[in-house]
Amino acid sequence: MVLAAIYIHQNSLPYIFGENHNGLTINFGGKFFYKLEENSNYDVFLKEKKENIKCFSTRQKI
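Shown next as structure tokens:
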């Protein structure tokens, strides 16, 4: 298993991201970029998965 992205819940780190910050997805540059969101019950779900064309593992070999 590879950790590709993390999600920081809205308003969970106000001392870093400011008061009333939105949820934040941090991608680590893997094969895909992920966009995660949360609902009113704080459940996190995948909203979008997009291929990272600059990733070494997805480039065509010469």
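Residue numbers (my numbering): 1243 to 1304. Backbone N, C-alpha and C fix where the C-beta goes; we use that ideal spot for every residue, glycine too.
Range of the contiguous beta strand (DSSP E) that encloses residue i
{"i": "TYR1249", "result": "1247 to 1250"}
{"i": "VAL1244", "result": "Looking at the DSSP string, VAL1244 is not in any beta strand (DSSP E), and its letter there is neither H nor E."}
{"i": "LYS1291", "result": "1286 to 1293"}
{"i": "ASN1269", "result": "1266 to 1269"}
Enclosing alpha helix (DSSP H) for residue i [first to last residue]
{"i": "ILE1258", "result": "1256 to 1259"}
DSSP three-state assignment for residue i, whether helix, strand or coil
{"i": "LYS1277", "result": "strand"}
**Message:** Would the region 1286 to 1298 count as touching the region 1266 to 1278 if we require 3 or more Cβ pairs under 8 Å?
**Reply:** yes
**Message:** With a threshold of 8 Å, are at least 3 pairs of Cβ atoms found where one atom belongs to the region 1250 to 1263 and the other to the region 1287 to 1294?
**Reply:** no
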